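> Residues in the sequence shown are numbered from 90 upward in steps of one, following the working numbering. This is the structure I have questions about; it appears just below.
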Amino acid sequence: MSFLNNTNGLDWLDALAVAVFFTVWLWLGWRIGHPSAARPSVTVLMSDYRRQWMEVMVTRQPRIFDAQIMMSLRQSTSFFASTCLLALGGLLALIGNVELLGGVATRLTNIENSSAVLQTKLFLALFMLGNAFLKFVWANRVFGYCSVVMGAVPNDPDSPRAMPLAMKAGKLNGRAAINFNAGLRSMYFALCALAWLGGALVLLVGVAVTAWVVWSREFASASRDVILDLNGDTKS
């Protein structure tokens, strides 16, 4: 019998649940970055504000306030990257001693799972945490690029190089934020992946709940209403 057909292993429903998991995760990332013009995501709305920030920075003297904001953004990415490392270490330790989960998983599913099955289920969460860590590290790096370009903006706002460099910094800031948000989504789905320990159906429910949480925060949150109101718009 193959691994997928073993009664103590994974079956077609598990494969379907994992396929849905990755499909929803990838689709949400694409949709948030490419929303409709009538209903932009918070990520897209904030990208506009990041560019406006760089425009204002050109005429702000001194630019200590801007430096403080950049420091705060980099500290956030560092914090989440460190958190991911701690979670990865704990998960790797658990995978190496998966017998501790055996009793819990059996009580949840009424099926005795082999160590290989439990390790496979944990690897899904491990993959998502690893992706989150890489996204946070890259976001931190790109925020660093943005800081350097901001430092290259001439103090004279009338300089022909001032605005082009500011717009370049704004684009880098936006790219860093996109990677940071992608890291957060991966952390959400890493938590969702742990639901697989309860079985494929529980994982599908977890995917639905996680997708709703991510979607609502980007397209139906109170924060989005405030941002739209500040833009002089009304919620669609």
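Glycine residues also receive a C-beta, built at the ideal position from the N, C-alpha and C atoms. Just so it is clear, the structure is predicted and the values come from calculations on it, not from any experiment.
Hey, quick one: how far does the alpha helix (DSSP H) through L174 stretch, first residue to last?
Per DSSP, L174 belongs to the alpha helix (DSSP H) from 153-185.
> Quick one, are the C-beta atoms of T148 and F232 less than 8 Å apart?
Cβ distance not < 8 Å, so T148 and F232 don't count as in contact.
> Let me confirm a value: L99 is counted as buried when at least 16 other C-beta atoms fall within 10 Å, else exposed. Which label applies?
Classification of L99: buried, given that the 10 Å Cβ count is 16 or more.
> Can you tell me which of the three DSSP states V107 falls into?
V107: helix per DSSP, three-state reduction.
> CB-CB under 6 Å to R139, same chain, minus the five flanking residues each way: which ones, in chain order?
So the qualifying residues of the chain are G259, N262, G263.
> Go through the segment 290-325 residue by residue and report every complete run of the alpha helix (DSSP H) that reaches 4 residues or more, in order.
If we require 4 residues or more, the alpha helix (DSSP H) runs fully inside the segment 290-325 come out as 311-319.
> Does the ligand GDP have a heavy atom nearer than 7 Å to the CB of E307?
Only the bare structure without any ligand can be found here, which leaves the ligand GDP out of the picture.
> Residue range of the alpha helix (DSSP H) that W142 falls in?
From DSSP, the alpha helix (DSSP H) with W142 extends over 131-148.
> Is DSSP giving V231 helix, strand or coil here?
Residue state, collapsed to three classes: helix.
> Would DSSP call N262 helix, strand or coil?
In this structure, N262 counts as helix in the three-state DSSP scheme.
> Distance, Cα to Cα, N268 vs L254?
Rounded to the nearest angstrom, the two C-alpha atoms are 21 Å apart.
> I'd like the list of long-range same chain contacts for W116, defined as Cβ closer than 6 Å, with 5 residues on each side in sequence excluded.
Taken in chain order, the list of residues that qualify is empty.
> Taking the C-alpha atoms as reference points, what is the distance between V133 and A266?
Near 10 Å, if we compare the C-alpha coordinates of A266 and V133.
> If you draw a straight line from the C-alpha of Q150 to the C-alpha of A251, how long is it?
Roughly 13 Å separates the two Cα atoms.
> Using a Cβ-Cβ cutoff of less than 7 Å, which residues in the same chain neighbour G272 once the five nearest sequence positions on both sides are dropped?
Excluding sequence neighbours, G272 sits near F169, A221, K224, F225, A228.
> Can at least three beta-carbon pairs, one atom from the segment 304-313 and one from the segment 239-248, be found at a separation below 8 Å?
Because the criterion of three Cβ pairs below 8 Å is not met, the segment 304-313 and the segment 239-248 do not touch.
> Take M239 as the anchor and find which of L290, T209, E144 has the nearest alpha-carbon.
Of the listed residues, the one whose Cα sits closest to M239 is E144.
> When DSSP labels each residue in this structure, what does L48 get in the three-state scheme?
The displayed coordinates of the chain run from 90 to 325. Any statement about residue 48 would go beyond what the structure contains.
> Taking 8 Å as the cut-off, decide whether the C-beta atoms of R274 and G122 are in contact.
No, the pair does not count as a contact, with Cβ atoms beyond the cut-off.
> Find out if the Cβ-Cβ distance for the pair F110, V296 is shorter than 8 Å.
The answer is yes: Cβ separation under 8 Å.
> Nearest to Q141 by CA position, among V302, L174, M256, C235, is which residue?
Looking at the Cα atoms, M256 is the closest of the given residues.
> Can the beta-carbon of W285 be found less than 8 Å from the beta-carbon of L213?
In this structure, L213 lies closer than 8 Å to W285 by Cβ.
> Which of helix, strand or coil does DSSP assign to S275?
Helix at S275.
> Do you know offhand how far L207's Cα is from A300's?
One C-alpha to the other measures close to 24 Å.
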